[in-house]
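So in UniProt numbering, spot 40 of the sequence shown is number 40, and the numbers just go up one at a time. Beta carbons: idealized from backbone N, C-alpha and C, even for Gly. Heads up, the thing below is written out as structure tokens.
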Amino acid sequence: MFVILQKITTEAEHTEDVIKKLGDREIITEQDGFIDMSVLKAEEQEDGKDIVFVIGRWENKDAWAAWEASDKRDQPNDPDKSEIISMTAGKFDSQVILEGKK
Numbered sequence: 001m002f003v004i005l006q007k008i009t010t011e012a013e014h015t016e017d018v019i020k021k022l023g024d025r026e027i028i029t030e031q032d033g034f035i036d037m038s039v040l041k042a043e044e045q046e047d048g049k050d051i052v053f054v055i056g057r058w059e060n061k062d063a064w065a066a067w068e069a070s071d072k073r074d075q076p077n078d079p080d081k082s083e084i085i086s087m088t089a090g091k092f093d094s095q096v097i098l099e100g101k102k
């Protein structure tokens with residue numbers, strides 16, 4: 001499994017809008033190899049700013065790369081760049097997965 005982790009810093013007044021727009025990107029669910037995406041809001045601020053994490057899970061790096069290269073990636077309802085103070089991303093290969101009782 002291939003995982004993308006993004007950290008987005010935003011002003012508090014823009015946080016809910018950023019989260020809503022990220023959640024409205026359902027086109028990604030149609031992409032081959034896409035597993036799931038979680039949008040998380042940190043309970044505490046950093047330097048008075050809200051922190052949002054986006055975790056995207058893919059079957060493999062090639063599936064994610066195909067999404068990145070697709071014309072579907074950029075959507076008109078994506079968060080506006082003026083709403084985001086900073087964004088960093090990391091790419092990870094999953095090493096261990098523990099599952100709870102179903």
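| Asked | Found |
| --- | --- |
| Which of the three DSSP states, helix, strand or coil, is assigned to E68? | helix |
| Mind listing, in chain order, the continuous alpha helix (DSSP H) runs of no fewer than 4 residues lying wholly within the UniProt domain "ABM" (2-92)? | 12-23, 61-69 |
| What's the gap between the Cα of I8 and the Cα of K101? | 32 angstroms |
| Taking the C-alpha atoms as reference points, what is the distance between E16 and W64? | 26 angstroms |
| For M1 versus S94, is the C-beta spacing smaller than 8 angstroms? | yes |
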